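Participant: Chains as they are written, first to last, in numbering that gives the first Met the number 0: chain A, 0 to 475; chain B, 0 to 290. Idealized CB from N, CA, C, for every residue including glycine. Just so it is clear, the structure is predicted and the values come from calculations on it, not from any experiment.
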Amino acid sequence: MLVIFGASGDLTRRKLFPALYALAVRHLLPEPFAVLGSARSPMSTDEFRKDMEEAVKQYARDEFKPEVWEELASATFYVPTEFENDQGENRIAQKLEELDQERGTQGNRLYYLAVPPSAIATLVREIGERRSTSGWARLIVEKPFGRDLKSARALNREIREYFREREVFRIDHYLGKETVQNMLALRFANGIFEPLWSRQYVDHVQITVAETLGIEGRAGFYEQAGASRDIFQNHLLQLVALTAMEPPIDFDADAVRNEKVKVLRATELEASVRGQYGPGYVDGKWVPGYRDEEGVDPESTTETYVAAKLRIENWRWADTPFYVRTGKRLARRETTIAVQFERAPHPLFVHADGLRPNVLAIHVQPDEGVSLGIGVKVPGQGMTVRTVNMDFLYGGAFRTGLPEAYERLILDALRGDPTLFTRADEIEEQWRLVDEMHRRWAREGTPDFPNYDAGTWGPEAADELLIRDGRRWRSH
Amino acid sequence: MAEPLSTTGAEEWTGQDVTVAQIEWQLRELRADSMDLRTNVLTHLAWVPPTWQKAARETLAGLAERHPSRTILLFPQDEERDALDAEVSLQCFARPELEGHICSEVIELRLCGGLRSAPASVVLPLLLPDLPVFLRWRGRPDFGGRAFEDLMDVVDRLVVDSREWEDGPGGSGELERCFERVAVSDIAWTCTLRWRREVAKLWPELAGLRNLHVRGPRAEAALLAGWLRARLGRDVELQHEEAKAIDLVAVDGREVVAREERMSSSDLLSHELDRFSRDPVYEAAVTAKPA
């Protein structure tokens, strides 16, 4: 049984139910199965089903098939509740028992906490105290998990009171993306890359999570979080970990996560830059600055951009910087991991003006795939060399659409496989780095915001972060 | 020059008042539908004011199969509505030795209203990653103008044809101010190549050169004179007669004969797209002024 707390929210409409529908289309949902939605909004089960039907029609990647939806809808229920209220929780517990009887779900529970961070601890306690004695119980917790190391540790302690680590699924939906998982395949299923994957051959790594969107009406959340908590702490550092980790001994959840924790422990913040966007043109449209967004303090000092230089102090990566950046209202929507290799040691070719360093770019989105920039001879009598890109596009190679991250993650949680979820110690290592960044920012004082125009690649200080190392950001 | 390839067809999509996201989606759709080979060596931008549209399309027609690239044609429009109209096509060319085709993406964008002065916001999301960006600016660049400055921050190489301007490349000093920002190519400079080769053969007699007589376009004559000034390190007097193409070059009254080379506008642009770094000899020719 999947129990969604915060079921009237945007995440349920845009991601969770479309994902459940996609799993239903492919007959991947377990049998027996039921979904119980719960939220503060007063609503009947019929109204909830109608709402989710609309959401599936609008957001699902598959064509709407009434017979598939009818089956999923018939297993979907809703109970309105106040989370902090014992009676509300009792009502849910009672409904779950009823459904166990009706649907044969045997007390198995996957609790999805799609609620604000402030509600998580209370919910964990309420759920934990009412754990069913039969069947299994698992907990999916949405990001942000805490707002600093201290609160994350406190939340982990609270969760451990009631759940074992293998029952906790801290979600970072980036890990459910095909292209992110492909990073593991690319590195560990191919003999050619791993020998090159070290300080000996890699000049540096750049990881970009760039958005063209603004805050899309989420001022309340974003003013508190900023780019450092919204993206850097989770998505960006997970991409760093996957790129830099040592090969796990197998693909078991703890084997993979042990390696990620090791590399995060070895990661240190060398320098960072923050920014906030002013007005400008994005994707051909004029957009307001962050401080002019609805609900944002006109004097806000919240960062909408973060760039950092990270050092990974281990045998493999010593002296090879990882430059990472994320921001809103940037020049293009792009999530890419770019591994730039050292140049050839001796410049053999005179006519090699067009030769760029070899870059292996993993395009997480859009244009999901991998490209490798290599130098080739230009046809003709001379010996001119230039760079061309060899592209592998998922869309071109595999004629099936890529599954949405939430499909994979919900299914893994239903199966009890936490490999693609974040473990408590990973989260704490991630917050350690963010806390360090915030400490330094507090010492430095707030920059003169806004310091970059919407539609550009961020503040000049971010460029300088690389220029002083004789490098530059990939700008296109 | 490469063997001409036969065009096998183009798939296309047209939209008015579209978003960049729609264009990206259409590109993905076109690519997904095609089993053809797709490789790219650069992104080719062209800024094409209305009077240059026909010439730009003709040049492009002979270019795509030689430089597999994404071509983005930017057409500034005299319309006040803030809108972006687009035409996206995949042009495929057959190669006898390959089973599939080689395909290039062509994106025509009509920039209306405020977008005329902020073209980079549309172009940036559409650039091919990790490949150089060339900008062919048709006509005289609007040096210092918002659109020009906006695009200069995006590109690696600016390609101009100073024959398209009244005052030639060195006249106002504006072109030379671009040299530190991006590499610059000038099609007029390429057109002088065969003459430069022949003139250079006159060395060492050339050392005493005083007068250069050129019958041809003003820009080419100015570049030849600038080249000689820069290489010889002293002034050379230029005597110029206007003509559509150079048909006479004389140094101190001695006529120079150069073998005729017929290059189409596509050939000329193609030549520029093969070059990546700065050309110090060209830059010196533009910078060298008469005493």
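Out of A:E52, A:Y200, A:Y77, point me to the one whose CA is closest to A:K64's CA.
Facilitator: The option with the nearest alpha carbon to A:K64 is A:E52.
Participant: Going straight from the alpha carbon of B:L227 to that of B:V235, what length do you get?
Facilitator: Near 7 Å, if we compare the C-alpha coordinates of B:V235 and B:L227.
Participant: Give the list of continuous beta strand (DSSP E) stretches no shorter than 3 residues that lie fully inside the stretch 210 to 243 of chain B.
Facilitator: Whole beta strand (DSSP E) segments, 3+ residues: 210 to 215, 236 to 241.
Participant: With distances taken Cα to Cα, identify the nearest neighbour of A:W472 among A:R198, A:A330, A:P246, A:E166.
Facilitator: When only C-alpha atoms are compared, the closest one is A:A330.
Participant: How about A:E278: is its C-beta nearer than 8 Å to some C-beta of chain B?
Facilitator: Residue identity check: residue 278 of chain A is Pro in the sequence provided, not Glu. Not an interface residue.
Participant: With 8 Å as the limit, tell me which residues of the stretch 359 to 378 of chain A have their beta carbon closer than that to any beta carbon of chain B; keep them in chain order.
Facilitator: Those would be A360, H362, P365, D366, S370, G372, V377, P378, in chain order.
Participant: Using a Cβ-Cβ cut-off of less than 8 Å, give me the residues of the stretch 129 to 144 of chain B that come near chain A, in sequence order.
Facilitator: Answer in chain order: D129, L130, P131, V132.
Participant: Taking A:L148 as the reference, which of A:W430, A:G103, A:S197 has the closest Cα?
Facilitator: Ranking A:W430, A:G103, A:S197 by Cα distance to A:L148 puts A:W430 first.
Participant: Between the stretch 264 to 279 of chain A and the stretch 305 to 320 of chain A, do three or more beta carbon pairs fall short of 8 Å?
Facilitator: Contact between the stretch 264 to 279 of chain A and the stretch 305 to 320 of chain A is present, because at least three Cβ pairs lie under 8 Å.
Participant: Nearest to A:L392 by alpha carbon, out of B:V285, B:L26, B:D81, B:G232?
Facilitator: Minimum Cα distance to A:L392 is reached at B:L26.
Participant: Do A:L21 and A:R48 have their C-beta atoms within less than 8 Å of each other?
Facilitator: Residue 21 of chain A is actually Ala in this sequence, not Leu. No, these two residues do not count as a Cβ contact at 8 Å.
Participant: Is there a Cβ of chain A sitting closer than 8 Å to that of B:G14, yes or no?
Facilitator: Closer than 8 Å: no.
Participant: Any Cβ of chain A within less than 8 Å of the Cβ of B:T18?
Facilitator: With 8 Å as the cut-off, B:T18 counts as an interface residue toward chain A.
Participant: So, are the CB atoms of A:E157 and A:R124 less than 8 Å apart?
Facilitator: Contact flag set, yes.
Participant: Consult DSSP for B:F142 and reduce its assignment to one of helix, strand or coil.
Facilitator: Of the three classes helix, strand and coil, the one that applies to B:F142 here is coil, per DSSP.
Participant: Using a Cβ cut-off of 8 Å (strictly closer), state whether A:A460 contacts chain B.
Facilitator: No, A:A460 lies away from the interface with chain B (no Cβ there is under 8 Å from its Cβ).
Participant: Consider the Cβ of A:W285: report whether some Cβ of chain B lies at a distance smaller than 8 Å.
Facilitator: Output row for A:W285: interface = yes.
Participant: Report the neighbours of A:A330 on chain B: residues whose CB is nearer than 8 Å to its CB, in chain order.
Facilitator: Near A:A330 (Cβ distances below 8 Å), the residues of chain B are A119, S120, L123, P124.
Participant: Is the number of C-beta pairs between the stretch 147 to 155 of chain B and the stretch 177 to 189 of chain B that are closer than 8 Å three or more?
Facilitator: The stretch 147 to 155 of chain B is in contact with the stretch 177 to 189 of chain B.
Participant: Taking only beta carbons into account, state which residues of the stretch 191 to 213 of chain B come closer than 9 Å to chain A, listed in chain order.
Facilitator: Those residues of the stretch 191 to 213 of chain B that come within reach of chain A (Cβ to Cβ, closer than 9 Å) do not exist; the list is empty.
Participant: State the CB to CB distance for the pair A:H234 and A:D171, rounded to an integer number of angstroms; the pair is presumed to be in contact (CB under 8 Å).
Facilitator: Right, their Cβ atoms sit about 6 Å apart.
Participant: Looking at B:F142: is its Cβ nearer than 8 Å to the Cβ of B:E107?
Facilitator: Not closer than 8 Å, so no.
Participant: Starting from the beta carbon of B:L114, find every residue of chain A whose beta carbon is closer than 8 Å, and list them in chain order.
Facilitator: Here the neighbours are Y280, G283.
Participant: Can you give the beta carbon distance from A:V179 to A:I206, rounded, assuming they're within the 8 Å contact cut?
Facilitator: The pair is not a contact, with the Cβ atoms about 11 Å apart (cut-off 8 Å).
Participant: Would B:V105 count as contacting chain A if we go by Cβ distances under 8 Å?
Facilitator: No, because no Cβ of chain A sits closer than 8 Å to the Cβ of B:V105.
Participant: Considering only residues of the same chain and omitting the five flanking positions on each side of B:S276, which have a CB-CB separation below 7 Å?
Facilitator: Around B:S276: A182.
Participant: Compare the beta carbon distance of A:N388 and B:L130 with 8 Å and say whether it is the shorter of the two.
Facilitator: Closer than 8 Å, so yes.
Participant: Starting from A:N388, trace the beta strand (DSSP E) both ways and give me its first and last residue.
Facilitator: Looking at the DSSP string, the run of the beta strand (DSSP E) that includes A:N388 is 383 to 392.
Participant: With DSSP as the reference, label B:A182 as helix, strand or coil.
Facilitator: Three-state DSSP puts B:A182 in a strand.
Participant: May I ask you to list the residues that DSSP assigns as paired with A:D452?
Facilitator: Bridge partners of A:D452: A:G277.
Participant: Does the beta carbon of B:E23 come closer than 8 Å to any beta carbon on chain A?
Facilitator: Chain A contact via Cβ: present.
Participant: So with CB distances below 8 Å, who are the chain A contacts of B:D246?
Facilitator: In chain order: nothing, as chain A lies at least about 29 Å away.
Participant: Given A:L10, which residues of its chain have a CB within under 6 Å of its CB, disregarding the five upstream and five downstream residues?
Facilitator: Taken in chain order, the residues that qualify are A113.
Participant: Under 8 Å between beta-carbons, which chain B residues line up against A:G454? List them in chain order, please.
Facilitator: By Cβ distance, chain B contributes A117, A119, S120, L123.
Participant: At 3 residues or longer, what runs of the beta strand (DSSP E) sit wholly inside the stretch 278 to 357 of chain A?
Facilitator: Here the runs fully enclosed are 279 to 281, 284 to 286, 304 to 311, 321 to 326, 333 to 340, 350 to 353.
Participant: Checking contacts by CB at 8 Å: is A:T334 closer than that to chain B?
Facilitator: Output row for A:T334: interface = no.
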